[in-house]
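Quick note on our numbering: the sequence shown kicks off at 1 and runs consecutively.
Quick reminder that beta carbons are idealized off the backbone N, C-alpha and C, glycines included.
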Amino acid sequence: MTFTYTNPATPTPNPALISDQARIDFWARQARDRLTWGRPFSDRKAHSFSKPQSLGTDEQGIENFTVPEIKWFEDGTLNVAYNCLDRHVEAGRGDKVALYFEGEPGDRQTITYAQLLRRVAQAAHGLEKLGVTKGDRVVIYLPVIPETIIFTLACARIGAIHSLVFGGFSAEALRFRVEDTGAKVLVTTDGQNRRGKVVPVKAIADEACSGENQIEHVIVVDRTSTSAQERAAVPWTQGRDIWYQDLIEGLPESHDYQLFEAETPLFIIYTSGTTGKPKGLVHTSAGYLTQTAYTHALLFDLLPEFEDETGARRVDELASVNDLAKVEGTVHWCTADLAWVTAHTYEIYGPLLNGVSQVIYEGTPNTPSFERHFEIIERYGVTNYYTAPTLIRSLMGAFPQGPEPGKFDLSSVRLLGSVGESINPEAWRWLRTHVGGGSASFIDTWWQSETGSAVCSPRPHDAQFAPAGTFPEGTPHTTPKPGCANRPIPGVSVRVVDEAGQPVAPGVQGFIVVDKIGPSMARTVWGNPARYLDSYWRHYGERGWFLAGDGAKLDEEGSVYILGRIDDVINISGHRLSTIEIESALVTHEAVVEAGVCPVEDDLTGHQAVAYVTLSEAGRALSADELRAVLTEHVRREIGPIAKPKDVVAVADIPKTRSGKITRRLLGQLYQGQELGDCSSLQNEEALGAIARVLAGR
Ligand code: PRX
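The following block contains the structure:
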């Protein structure tokens, strides 16, 4: 059944969804039509949101609030994995390719929905055999290989909570996640293929599990061992460790799924906040799936079209079912590592819920050469290429004039997408010209680990992208603008406001808030609901607006531009890291007494971290080069290679406000030789001059 609404052609607010009830009805219809339910949810329980309530002001003058509680489709039950796999197979689409896997060394697998279902069933039995049940946590520390998706869905199938950890993270970063989740099982590999080399992984996993934790079993996927001898050489703890192949040996390839409540936690995703420790955002099942399936369909062009009264073709933006021909014609490729939220939503759950074929690629884009992505696009006929600005900039650096003419057939590409940071207009134009044939749609999707799925984005069918005749002449439309996240999706609304919550004028920077949330919003911070309140809801208190932590502005047409973080979060290659987290890592080194880390602009990665440190006696004994080498290595080990500071500057004192807060903005301005902002609140203003002299003397 296809719904025929008038396509909202003007920017927000979406006229059809202006009232709260219309918005809830919209999401309820998406949830009913897009998901298969065990017990349907009732209208009465479609949504509840207890906004923060004031608890009065304490002796220090701080107003306290209750922690907000969000629920969607609360009295319904479903099975997440059934929705991703079984129902497609039951509908006769079992032979449809789910995954085209390409390993970095060049190995390939084509896995259909029916095959993926069988492998997930076996893994689900395997987890159950190890005693994993509903609510248990499983940490998945794997590269981009089919087993990562298999274990993710196997957890979902049995009601266990998965937490994926980026394979490039260090033992310390993994240890934190293993301990914070209280995971019972860790899934890892023997090794990883990285930039043409085999890198051992199991020893890192062992180190992460060496402290106090709840780990009972470590499942090891054989990714890089090529012989029995190599397997025998992998470090092993008898009784705890088990090879994946041994675990699933002889287990049935079908698995009776159970139904779980809509609000059952599905996964924990760690993200950097403004304090030293990452926070584990908790996403639950049905609401997350609903907004994920809908936004994947809306933004990756799966929605049906209709003829309007003038005979022009329009996309039915509020449709709750997809156009099957579009689903069949899609080969999706999201290039993110599976552990990031981008991939949870638009590489694992979105594409599988919507039944499309997709590519997953294990390796880096420049191995063995920067042409690897073009080869993959050609080989699988990729139609949707969804990637990060930093990757686009590195392709642009390698091929300023685009790939060699005639060498690759990229004509399958119809839709380009970017996520993770603002895209600069040059990179936008380069990708559209050289990979998108000059005419592909371009979605710039703004969202976060917290929002679970896209919040603002241009539509693929916005007028300028659409073939002639799509929109009637004179239709008011939003024009795609490079670097602009455009407007919210239906069913969600945002505002750009000042500190006090007043709207800012066009062109003026304010804070972006989500004033009407969608169902995929994170429900809490794992083990720390107070942090959930403090980080996101406290600022606008009883208004119940979600503070996203990004600066933004609107243009005259009401389109949203994202202007980067307003807090101590730094965005390196689209990866979120906290400056305080890097500082905390630095001060654990014997050479360092105190550290201040700031972002500085970088042509390739958007930003890089620069570390200012004051030194202990041990530190003073090192030369500048030695200091840089030991401290970058230390951060690599403590957090991971992406957090490595680009530079380390030894200073006598770090500038701080009177309340003792490190002024990271000033540190960045000093490093980049920019004019300094307001310094009046400093307790040690003289530190600035001293730092300027150190920098000038290098
Ligand atoms: O600063 C924004 C930036 O990435 C942050 C969210 O990071 P994370 O939770 O890791 O999720 C990344 C993938 C969804 C945001 O607060 N960001 C994300 N997308 C964009 C963006 N900045 C500008 N434009 C975007 N399209």
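If you look at residue 669, you'll find it in the alpha helix (DSSP H) that goes 664 to 671. Under DSSP, residue 444 shares a beta bridge with 418.
In this structure, the alpha-carbon of residue 193 lies about 53 Å from that of residue 55.
With fewer than 16 other Cβ atoms inside 10 Å of its own Cβ, residue 508 counts as exposed. For residue 155, the enclosing alpha helix (DSSP H) has its first and last residue at 146 to 158.
Of the heavy atoms belonging to the ligand PRX, at least one sits nearer than 8 Å to the Cβ of residue 271.
By DSSP's assignment, residue 241 forms a beta bridge with 218.
Here the distance from the Cβ of residue 448 to the nearest heavy atom of the ligand PRX is below 8 Å. Taken through DSSP and simplified to helix, strand or coil, residue 63 comes out as strand. With a threshold of 8 Å, the Cβ atom of residue 445 counts as near the ligand PRX, since some heavy atom of the ligand is closer than that. Sixteen is the threshold: since fewer than 16 other Cβ atoms of the shown chains lie within 10 Å of the Cβ of residue 62, the residue is exposed. Residue side-chain check: residue 283 keeps its Cβ at 8 Å or more from all non-hydrogen atoms of the ligand PRX.
The beta carbon of residue 607 sits closer than 7 Å to those of 570, 571, 572, 599, 600, 601, all from its chain and outside the five residues before and after it, given in chain order. A contact between stretches requires three or more CB pairs, one per stretch, nearer than 8 Å, and the region 350 to 370 fails this requirement with the region 455 to 470.
Between the region 238 to 251 and the region 124 to 131, the count of Cβ pairs shorter than 8 Å is three or higher; the stretches touch.
Shortest gap from the CB of residue 485 to any heavy atom of the ligand PRX: under 8 Å. Taking 9 Å as the cut-off, the beta carbon of residue 96 is found no closer than this to the beta carbon of residue 74. Taking C-beta separations shorter than 6 Å and ignoring five residues to either side along the sequence, the partners of residue 514 in its chain run 494, 546, following chain order. Taking the Cα of residue 310 as reference, the smallest distance to any Cα among 469, 33, 408 is reached at 469.
With a 10 Å radius around the Cβ and a threshold of 16 neighbouring Cβ atoms, residue 136 comes out buried. Classified as buried, residue 605 has 16 or more neighbouring CB atoms from the shown chains inside 10 Å of its CB. In this structure, the alpha-carbon of residue 451 lies about 15 Å from that of residue 49.
Relative to residue 109, the option among 84, 72, 147 whose CA is nearest is 147.
Under the three-state reduction of DSSP output, residue 176 falls in the helix class.
Annotation for residue 372: the continuous alpha helix (DSSP H) segment containing it runs 372 to 380. Residue 289 and residue 473 have their alpha carbons spaced roughly 37 Å apart. Within its own chain, the residues whose Cβ lies closer than 7 Å to the Cβ of residue 662, once the five positions on either side in sequence are excluded, are 596, 654, 656, listed in chain order. Shortest gap from the CB of residue 421 to any heavy atom of the ligand PRX: under 8 Å. In this structure residue 180 is buried. Its beta-carbon is surrounded by 16 or more other beta-carbon atoms within 10 angstroms. Pairing residue 651 with residue 612 gives a Cβ-Cβ distance under 9 Å.
Residue state for residue 26 is assigned as helix, using DSSP reduced to three classes. The Cβ atoms of residue 360 and residue 102 lie closer than 9 Å to each other.
Counting along the chain, no beta strand (DSSP E) covers residue 625; the unbroken alpha helix (DSSP H) around it starts and ends at 624 to 638.
Per DSSP, residue 85 lies in no alpha helix (DSSP H) segment and is marked neither H nor E. The three-state reading of DSSP puts residue 356 in coil, since its state is none of H, G, I, E or B. The C-beta distance from residue 417 to residue 72 rounds to 26 Å, too long to meet the 8 Å contact threshold.
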